[in-house]
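To start, the structure itself, in structure tokens.
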Amino acid sequence: MLIIFLLTVIVAAFTGAIFLFVAIWRLDSIEYGLLTFWRSFIVALLGAIAGFCLGWLWYKWKLKTYPSYSNPDLNGLSLAMMGLELFFVRLCFIQAGTILGAIWGGVRSLRYYETRSKRI
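Take 0 as the starting number for the sequence shown in numbering that gives the first Met the number 0 and just add one per residue.
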């Protein structure tokens, strides 16, 4: 679980850094660039939480609807493959939520600070 958390923070920070450079380039302001980074990073973490919740719901649904997941007669390789499937699908949900959240937060922040800098 710690690996998933670290991967999520790294992906959120990397995506936020991209928006930091885009904001500095488009807005010519380090202050707005840093604010864009933080907004992108925070929304990415919120997206990761949403992805975790969706992955957890999928996990519970999968365990209830597929009887093979509760079959005690399966060999070790079958159990390992099912466990890896559950792990990687949940990881995909979390990372998709992180990336989509970061993109959404960064784009919305860029639009907000572009209109704000035009008003000032």
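Glycine residues also receive a C-beta, built at the ideal position from the N, C-alpha and C atoms.
Could you say which of the options lies nearest to residue i if we only look at CA atoms?
i: R115; options: V8, F36, L53, Y31; result: Y31
i: I98; options: F51, S28, L85; result: F51
i: G46; options: I2, V8, A79, M81; result: V8
i: M0; options: F86, K117, Y111, V106; result: F86
i: A49; options: C91, N74, K117; result: C91
Report the CB separation of residue i from residue j in whole angstroms; it is logged as a contact under 8 Å.
i: R89; j: Y65; result: Not a contact, Cβ separation roughly 15 Å.
i: G104; j: A43; result: 6 Å
i: G15; j: A101; result: 6 Å
Would residue i and residue j qualify as a contact pair, given that the criterion is a beta-carbon distance under 9 Å?
i: L62; j: F36; result: no
i: E113; j: L26; result: yes
i: I3; j: I93; result: yes
Buried or exposed for residue i, please, with buried defined as at least 16 other CB atoms from any protein chain shown within 10 angstroms of its CB.
i: S108; result: buried
i: A22; result: buried
i: G54; result: buried
i: R38; result: buried
**Asked** Mind pulling the alpha helix (DSSP H) runs of 4 or more residues that sit fully within the region 66-115?
**Response** Here no run is fully enclosed.
**Request:** Starting from the N-terminal side, write out each stretch of the alpha helix (DSSP H) that is 4 residues or longer and does not extend beyond the region 0-41.
**Result:** Segments of the alpha helix (DSSP H) lying fully in the region 0-41: 1-26.
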